[in-house]
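Okay, so here's the structure we're looking at.
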Amino acid sequence: MSDAKQVSGLNGRLVFAFVAITLGLLWTLDNLGLIDADTYVRWWPAALILFGLSRFFGVGAPRTPIAGGMFIFFGTVLLAGQLDFFHVRIWEMWPLALVAIGISVVLQSYRRRAEGPISDDASDGLSVFAFWSGIDRKPTSRAFRGGDVTAIMGGSEIDLRGCEPIPNGAVLDMFVWMGGVTVTVPTDWKVVHEVNAIMGGYEDTRKVASAESGPTLILRGFVLMGGIELKN
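Once you know that position 78 of the sequence shown is 78 in UniProt numbering, the rest is easy, because the numbers rise by one and skip nothing.
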């Protein structure tokens, strides 16, 4: 199992445990008449801000400025509403999700350009855009560098068992919104994931754990109301 994966999973469990313990203690003390839990529970958006800061600066989790910034922004707005600086309902904020998605796609595109072209040979990389559709790819390059996969209300299956990554590792950058992406890799590959999900998930269903060394694949991406599955 990769180090990045272990850190990310541990971080998620700790956040859940901290929230559960805090709420449990507050409501218990409230039932005993010792405190008014509502006075403290109203600060719940601060948890979103703290989580966003950890993602933004890469403290205890892979550094993901886009996802971290979204958590910080929404947490700040909701906390301001809870403290009566202004009145806002969470469902009134949903259009900002479209703005965040657009910014994420733009930044993803610029990052790809900054890293340079995938290869002089187009067969050494892939670029997938699935919108209300399904697209499958099975590259066979002996110098696979990676690429980008975007699935918006659609799906894509990427089978990498017939290719070989470049020595310093291939990078697959993914954006999934209300869709799904399945990535199939050989059993001897080392996979490092830097995937963030909101109301979605990243699932590793491989029967063979990630190798400690060997051909390397780095999975980056953002998932909103969708899913990414890694299998072999």
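Ideal placement from N, C-alpha and C gives every residue a C-beta, glycine not left out.
Notebook entry, point to check: By a C-beta neighbour count over all protein chains shown, 10 Å radius and 16 as the cutoff for buried, is residue 145 buried or exposed?
Noted result: Taking the sequence shown and counting its residues from 1, the one referred to as residue 145 is at position 145. With 16 or more Cβ atoms within 10 Å of its Cβ, residue 145 is classed as buried.
Notebook entry, point to check: Given that a residue counts as buried once 16 or more other Cβ atoms are within 10 Å of its Cβ, and exposed if not, what is residue 9?
Noted result: Residue numbering aside, residue 9 sits at position 9 when the sequence shown is read from its first letter. Residue placement at residue 9 cannot be trusted, given a pLDDT of 43 that sits under 50; what the coordinates show is reported in the next sentence. That one is exposed.
Next item on the list: Please report how far the alpha carbon of residue 46 lies from the alpha carbon of residue 218, in whole angstroms.
Entry: Taking the first residue of the sequence shown as 1, we reach residue 46 at position 46. Taking the first residue of the sequence shown as 1, we reach residue 218 at position 218. Distance between the alpha carbons of residue 46 and residue 218 is about 31 angstroms.
Next item on the list: Kindly indicate which three-state DSSP category residue 143 falls into: helix, strand or coil?
Entry: Counted from its first residue, the sequence shown places residue 143 at position 143. Looking at residue 143 - three-state DSSP - the assignment turns out to be coil, as it is neither helix nor strand.
Next item on the list: Look at the alpha carbon of residue 194 and the alpha carbon of residue 220, and state the distance between them as a whole number of angstroms.
Entry: Your numbering for residue 194 matches position 194 in the sequence shown. Your numbering for residue 220 matches position 220 in the sequence shown. Those two C-alpha atoms are separated by around 5 angstroms.
Note to self: Could you tell me the alpha carbon to alpha carbon distance between residue 36 and residue 28, rounded to whole angstroms?
What the structure shows: In the sequence shown, residue 36 corresponds to position 36, counting from 1. In the sequence shown, residue 28 corresponds to position 28, counting from 1. Straight-line Cα distance between these residues: approximately 10 angstroms.
Check: Are at least three pairs of beta-carbons, each pair with one atom in the region 67-76 and one in the region 19-34, less than 8 angstroms apart?
Finding: no
Margin query: Between 213, 159, 127, which has its C-alpha nearest residue 233's C-alpha?
Written below: With the chain covering only 1 through 232, there is no way to say anything about residue 233.
Next item on the list: Using a Cβ-Cβ cut-off of 9 angstroms, state whether residue 201 counts as contacting chain B.
Entry: The structure shown contains no chain B; it is built from a single protein chain.
Check: Buried or exposed: which applies to residue 150, given that a residue is buried once 16 or more other Cβ atoms fall within 10 Å of its Cβ?
Finding: Reading the sequence shown from its first residue, position 150 is the one you call residue 150. So residue 150 ends up on the buried side.
Note to self: Please report the straight-line C-alpha distance between residue 126 and residue 136, rounded to a whole angstrom.
What the structure shows: Within the sequence shown, numbered from 1, the residue matching residue 126 stands at position 126. Within the sequence shown, numbered from 1, the residue matching residue 136 stands at position 136. Approximately 11 angstroms between the Cα atoms of the pair.
Next item on the list: Following the continuous alpha helix (DSSP H) through residue 127, name the residue where it begins and the one where it ends.
Entry: In the sequence shown, counting from the first residue as 1, residue 127 sits at position 127. Element bounds for residue 127: not the alpha helix (DSSP H) but the beta strand (DSSP E), 125-131.
Notebook entry, point to check: Given that a residue counts as buried once 16 or more other Cβ atoms are within 10 Å of its Cβ, and exposed if not, what is residue 86?
Noted result: Start at 1 with the first residue of the sequence shown, and residue 86 comes out as number 86. That one is exposed.
Next item on the list: Pull up the DSSP beta-bridge partners for residue 151, would you.
Entry: Taking the first residue of the sequence shown as 1, we reach residue 151 at position 151. Its beta-bridge partners are 130, 176.
Check: Expressed to the nearest angstrom, what Euclidean distance is found between the alpha-carbon atoms of residue 173 and residue 41?
Finding: Taking the first residue of the sequence shown as 1, we reach residue 173 at position 173. Taking the first residue of the sequence shown as 1, we reach residue 41 at position 41. Straight-line Cα distance between these residues: approximately 37 angstroms.
Next item on the list: Could you check if residue 188 is buried or exposed, using at least 16 other CB atoms within 10 Å of its CB as the buried criterion?
Entry: Looking up residue 188 in the sequence shown gives position 188. With fewer than 16 Cβ atoms within 10 Å of its Cβ, residue 188 is classed as exposed.
Item checked: Whether residue 98 touches residue 78 by CB criterion (9 angstroms) -> Taking the first residue of the sequence shown as position 1, residue 98 is located at position 98. Taking the first residue of the sequence shown as position 1, residue 78 is located at position 78. It is not a contact, given that the beta carbons lie outside the stated cut-off.
Item checked: Spatial distance of residue 167 from residue 130 (CA atoms) -> Counted from its first residue, the sequence shown places residue 167 at position 167. Counted from its first residue, the sequence shown places residue 130 at position 130. One C-alpha to the other measures close to 29 angstroms.
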